[in-house]
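This report refers to the structure that appears directly beneath it.
2 protein chains.
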Amino acid sequence: MTAAHEKGFFTEENSVEVVTGRNADARNERLKFAMEVITRKLHEAVKEIEPTQDEWFEAIMFLTRTGHLCTEWRQEFILLSDVLGVSMLVDAINNRKPSGASESTVLGPFHVADAPELPMGANICLDHKGEDMVISGRVLDTRGRPLADAVLDVWQANDEGFYDVQQKGIQPDFNLRGVFRTGPDGRYWFRAVKPKYYPIPDDGTVGKLLGALGRHPYRPAHLHYIIRADGFETLTTHIFDPDDPYINSDAVFGVKESLLAEFRKVDDPKRASALEFAGPFWEVEHDFVLAPE
Amino acid sequence: MTAAHEKGFFTEENSVEVVTGRNADARNERLKFAMEVITRKLHEAVKEIEPTQDEWFEAIMFLTRTGHLCTEWRQEFILLSDVLGVSMLVDAINNRKPSGASESTVLGPFHVADAPELPMGANICLDHKGEDMVISGRVLDTRGRPLADAVLDVWQANDEGFYDVQQKGIQPDFNLRGVFRTGPDGRYWFRAVKPKYYPIPDDGTVGKLLGALGRHPYRPAHLHYIIRADGFETLTTHIFDPDDPYINSDAVFGVKESLLAEFRKVDDPKRASALEFAGPFWEVEHDFVLAPE
Chain Y
43 MTAAHEKGFF TEENSVEVVT GRNADARNER LKFAMEVITR KLHEAVKEIE
93 PTQDEWFEAI MFLTRTGHLC TEWRQEFILL SDVLGVSMLV DAINNRKPSG
143 ASESTVLGPF HVADAPELPM GANICLDHKG EDMVISGRVL DTRGRPLADA
193 VLDVWQANDE GFYDVQQKGI QPDFNLRGVF RTGPDGRYWF RAVKPKYYPI
243 PDDGTVGKLL GALGRHPYRP AHLHYIIRAD GFETLTTHIF DPDDPYINSD
293 AVFGVKESLL AEFRKVDDPK RASALEFAGP FWEVEHDFVL APE
Chain U
43 MTAAHEKGFF TEENSVEVVT GRNADARNER LKFAMEVITR KLHEAVKEIE
93 PTQDEWFEAI MFLTRTGHLC TEWRQEFILL SDVLGVSMLV DAINNRKPSG
143 ASESTVLGPF HVADAPELPM GANICLDHKG EDMVISGRVL DTRGRPLADA
193 VLDVWQANDE GFYDVQQKGI QPDFNLRGVF RTGPDGRYWF RAVKPKYYPI
243 PDDGTVGKLL GALGRHPYRP AHLHYIIRAD GFETLTTHIF DPDDPYINSD
293 AVFGVKESLL AEFRKVDDPK RASALEFAGP FWEVEHDFVL APE
């Protein structure tokens with residue numbers, strides 16, 4: 043009997059070569075390359091784990107149930123990618139920044155395309171619920187020069203950890219969302235409320251997996267930004283509250299050292315009054331540096 | 043600024059350690075180990091492929107559509123596991139046989155639990171469609187001793203490549219299925235028809251993937267067996283027609299050298315008459331060797 047591999051039959055030893063060898067006539071080289079890597083890593087994982095037939099079937103059913111949870115309104119596979127660090131890894135690979143430029147992080151599922159453009163200084167908190175906060179800073183290039191006409195698209199959760207789109211009828215439409223455009227000094231500022239940590243949806247397969255792994259589902263408090271300026275790479279990022287209880291254990295791994303902002307408590311009746319705040323408030327200053335295109 | 047990894051924040055470099063580091067309190071060690079391997083291999087694959095955000099989303103949508111195709115009657119994730127060689131790899135890992143024992147292969151989706159037990163020699167082809175075939179051999183232990191009371195559960199596709207359960211109302215119920223029990227000589231024999239190659243379901247995401255990879259969806263002609271005997275490991279296997287056009291390119295990688303049977307054409311009116319066949323027929327002889335439990 044000749045060795046099995048001479049006829050191209052599948053064995054434990056040659057499994058990767060036999061499977062990927064079938065892709066000689068693939069329609070495009072990129073797909074062929076990706077499937078070569080995916081097949082190789084998948085077989086390496088199976089050989090290392092040595093799953094029983096029951097464990098293999100459990101994995102099949104996990105993927106099946108995850109697929110069944112996906113609807114127009116919910117994407118459980120993206121959530122799975124998030125909690126396994128894959129989304130942040132893809133973000134990192136696609137957003138390697140030149141020295142000095144602000145770092146990116148995940149977009150998340152709560153961005154809304156048509157938030158209103160507001161005058162600088164506007165209060166995006168429409169229901170005045172929560173602790174007042176004023177946010178300011180500059181949009182700069184990597185040489186430190188201010189960028190005029192930079193557009194900041196901002197959104198955040200409220201003081202209970204919910205976005206407006208999660209509480210339709212409870213929060214006003216477009217609550218805690220706004221679009222701001224910088225002047226020649228590159229400065230921006232607006233008023234809002236201090237955001238709170240919140241859980242990712244944890245009633246599905248991903249939530250069960252987190253539970254079984256002894257992990258919590260929380261994201262530390264943050265503000266979202268998309269910042270655009272002609273001639274520069276669009277920046278999708280957050281700034282985080284460094285004092286949040288979950289700052290070192292974001293369920294989706296979105297925190298980066300450079301995205302920690304300082305949230306200062308200010309007790310200054312004159313400044314509060316000028317900002318139309320009733321009492322003490324939070325102040326955050328944060329500059330963003332855009333990479334050239 | 044301290045290095046990001048000192049605070050445990052996620053970077054391209056430390057991505058595996060940060061993600062798997064969260065599983066310290068996992069409920070069981072086996073899950074923790076499996077998720078450590080899966081996360082590591084997944085990150086290795088992402089780092090090697092460097093997918094764009096669009097490619098990542100394409101992968102998410104492929105998994106989503108695959109999940110949506112899964113019903114009580116169809117398992118597209120098992121099909122995906124099959125065409126990537128994962129099912130056969132899990133089979134290989136779980137069925138490493140002692141020297142001399144018959145090798146296993148995939149169960150497939152067409153087994154039926156309650157096929158009738160038939161007297162040795164019965165013709166399992168109930169509609170007499172196709173080329174007559176007689177199959178015989180012995181069930182042995184690894185020392186070559188015949189096994190009495192071994193139970194062979196046999197099923198196969200017809201001469202057009204369809205199983206009875208795929209053609210309800212066209213083929214008779216339990217067509218080309220039967221259960222046989224060996225006597226003291228360990229011998230079995232039954233009559234059937236020559237099976238034909240057939241495609242795996244190729245109208246879903248897996249079929250599209252095969253197409254894009256330049257692969258066909260066919261499985262070479264085969265007969266299925268589950269063989270049970272007290273004190274021995276149950277053997278789930280096929281025997282294959284070595285002259286099948288797809289013998290070297292089974293879409294699910296189920297072929298093994300040792301599972302090739304010889305399909306001999308016999309033109310012998312006396313033997314045909316004794317077998318109640320109208321003319322020339324096919325003859326297959328194949329012994330099965332069971333591993334001790």
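Here the protein sequences line up with chains Y and U, keeping their order. Going from the first sequence to this note's numbering is simple: count from 1 and add 42. Going from the second sequence to this note's numbering is simple: count from 1 and add 42. C-beta: ideal position from N, C-alpha, C; glycine also. These numbers come from a predicted model, not from an experiment.
Please check the pair residue i and residue j, which I expect to be a contact at CB under 8 Å, by giving their CB distance rounded to whole angstroms.
{"i": "residue 234 of chain Y", "j": "residue 162 of chain Y", "result": "Not a contact, Cβ separation roughly 13 Å."}
{"i": "residue 85 of chain U", "j": "residue 127 of chain Y", "result": "7 Å"}
{"i": "residue 52 of chain Y", "j": "residue 247 of chain Y", "result": "About 31 Å separates the two Cβ atoms, so there is no contact after all."}
{"i": "residue 265 of chain U", "j": "residue 196 of chain U", "result": "6 Å"}
{"i": "residue 166 of chain U", "j": "residue 220 of chain U", "result": "4 Å"}
{"i": "residue 125 of chain Y", "j": "residue 252 of chain Y", "result": "6 Å"}
Quick check: what's the CA-CA separation for residue i versus residue j?
{"i": "residue 300 of chain Y", "j": "residue 144 of chain Y", "result": "7 Å"}
{"i": "residue 157 of chain U", "j": "residue 182 of chain U", "result": "23 Å"}
{"i": "residue 151 of chain Y", "j": "residue 76 of chain Y", "result": "26 Å"}
{"i": "residue 74 of chain U", "j": "residue 327 of chain U", "result": "48 Å"}
{"i": "residue 101 of chain U", "j": "residue 94 of chain Y", "result": "27 Å"}
{"i": "residue 228 of chain U", "j": "residue 186 of chain U", "result": "10 Å"}
{"i": "residue 153 of chain U", "j": "residue 201 of chain U", "result": "18 Å"}
{"i": "residue 140 of chain U", "j": "residue 329 of chain U", "result": "16 Å"}
{"i": "residue 177 of chain Y", "j": "residue 236 of chain Y", "result": "10 Å"}
{"i": "residue 306 of chain Y", "j": "residue 160 of chain Y", "result": "25 Å"}
{"i": "residue 91 of chain U", "j": "residue 79 of chain Y", "result": "7 Å"}
{"i": "residue 180 of chain Y", "j": "residue 298 of chain Y", "result": "20 Å"}
{"i": "residue 72 of chain Y", "j": "residue 67 of chain U", "result": "39 Å"}
{"i": "residue 346 of chain U", "j": "residue 208 of chain Y", "result": "Here chain U comprises residues numbered 43 to 335, so residue 346 of chain U is not present and cannot be evaluated."}
{"i": "residue 238 of chain Y", "j": "residue 284 of chain Y", "result": "12 Å"}
{"i": "residue 325 of chain Y", "j": "residue 138 of chain Y", "result": "30 Å"}
{"i": "residue 47 of chain Y", "j": "residue 262 of chain U", "result": "Residue confidence is low: residue 47 of chain Y scores 45 on pLDDT, short of 50, so the model does not pin down where it sits. Its coordinate-derived value is still stated next. Taking the straight line from one Cα to the other gives about 18 Å."}
{"i": "residue 217 of chain Y", "j": "residue 230 of chain Y", "result": "19 Å"}
{"i": "residue 117 of chain Y", "j": "residue 311 of chain Y", "result": "46 Å"}
{"i": "residue 59 of chain Y", "j": "residue 225 of chain Y", "result": "59 Å"}
{"i": "residue 319 of chain U", "j": "residue 304 of chain U", "result": "20 Å"}
{"i": "residue 168 of chain U", "j": "residue 110 of chain U", "result": "37 Å"}
{"i": "residue 314 of chain U", "j": "residue 323 of chain U", "result": "7 Å"}
{"i": "residue 135 of chain U", "j": "residue 89 of chain U", "result": "28 Å"}
{"i": "residue 147 of chain U", "j": "residue 199 of chain U", "result": "17 Å"}
{"i": "residue 249 of chain Y", "j": "residue 258 of chain Y", "result": "9 Å"}
{"i": "residue 170 of chain Y", "j": "residue 108 of chain U", "result": "45 Å"}
At which residues does the alpha helix (DSSP H) containing residue i begin and terminate?
{"i": "residue 166 of chain Y", "result": "Premise fails: residue 166 of chain Y is in no alpha helix (DSSP H) and is neither H nor E."}
{"i": "residue 119 of chain Y", "result": "118-125"}
{"i": "residue 153 of chain U", "result": "Element bounds for residue 153 of chain U: n/a, residue is neither H nor E."}
{"i": "residue 96 of chain U", "result": "95-111"}
{"i": "residue 85 of chain Y", "result": "71-91"}
{"i": "residue 313 of chain Y", "result": "311-316"}
{"i": "residue 62 of chain U", "result": "57-63"}
{"i": "residue 302 of chain Y", "result": "Where residue 302 of chain Y is concerned, there is no enclosing alpha helix (DSSP H), given that its DSSP letter is neither H nor E."}
{"i": "residue 189 of chain U", "result": "Residue 189 of chain U -> no alpha helix (DSSP H), and no H or E assigned at all."}
{"i": "residue 251 of chain Y", "result": "247-254"}
Using the rule of at least 16 other Cβ atoms within 10 Å of the residue's Cβ for burial, across every protein chain shown, is residue i buried or exposed?
{"i": "residue 335 of chain U", "result": "exposed"}
{"i": "residue 57 of chain Y", "result": "buried"}
{"i": "residue 82 of chain U", "result": "buried"}
{"i": "residue 45 of chain U", "result": "For residue 45 of chain U, the predicted model reports a pLDDT of 47, less than 50, meaning its position is unreliable and no value from the coordinates is stated."}
{"i": "residue 212 of chain U", "result": "exposed"}
{"i": "residue 62 of chain Y", "result": "buried"}
{"i": "residue 65 of chain U", "result": "buried"}
{"i": "residue 43 of chain U", "result": "In this prediction, residue 43 of chain U scores a pLDDT of 39, lower than 50, which makes its location untrustworthy; no coordinate-derived value is stated."}
{"i": "residue 292 of chain U", "result": "buried"}
Just to confirm the assignment, what range does the beta strand (DSSP E) spanning residue i have?
{"i": "residue 235 of chain Y", "result": "229-235"}
{"i": "residue 325 of chain U", "result": "323-327"}
{"i": "residue 216 of chain U", "result": "Run containing residue 216 of chain U: none; DSSP gives neither H nor E here."}
{"i": "residue 178 of chain Y", "result": "174-183"}
{"i": "residue 138 of chain U", "result": "Here residue 138 of chain U belongs to no beta strand (DSSP E), and DSSP marks it neither H nor E."}
{"i": "residue 193 of chain Y", "result": "193-198"}
{"i": "residue 277 of chain Y", "result": "277-282"}
{"i": "residue 331 of chain U", "result": "330-332"}
{"i": "residue 266 of chain U", "result": "264-270"}
Any heavy atom of the ligand ZN within a distance shorter than 7 Å of the CB on residue i?
{"i": "residue 309 of chain Y", "result": "As for the ligand ZN, it is missing from this structure, which has no ligand bound."}
Members of the region 127-150 of chain Y that neighbour chain U once the beta carbon cut-off is set at 7 Å: The region 127-150 of chain Y vs chain U, Cβ under 7 Å: 127, 128, 130, 131, 132, 134, 135 and 136.
Members of the region 150-182 of chain Y near chain U, C-beta cut-off 9 Å: none
Short-range partners of chain Y found in the region 292-306 of chain U, where Cβ spacing is below 7 Å: Along the region 292-306 of chain U, going in chain order, the ones with a CB nearer than 7 Å to a CB of chain Y are 295, 297, 298 and 299.
Short-range partners of chain Y found in the region 246-273 of chain U, where Cβ spacing is below 7 Å: Along the region 246-273 of chain U, going in chain order, the ones with a CB nearer than 7 Å to a CB of chain Y are 254, 255, 256 and 257.
Against chain Y: residues of the region 115-127 of chain U by CB proximity under 8 Å: 117, 119, 120, 123, 126 and 127
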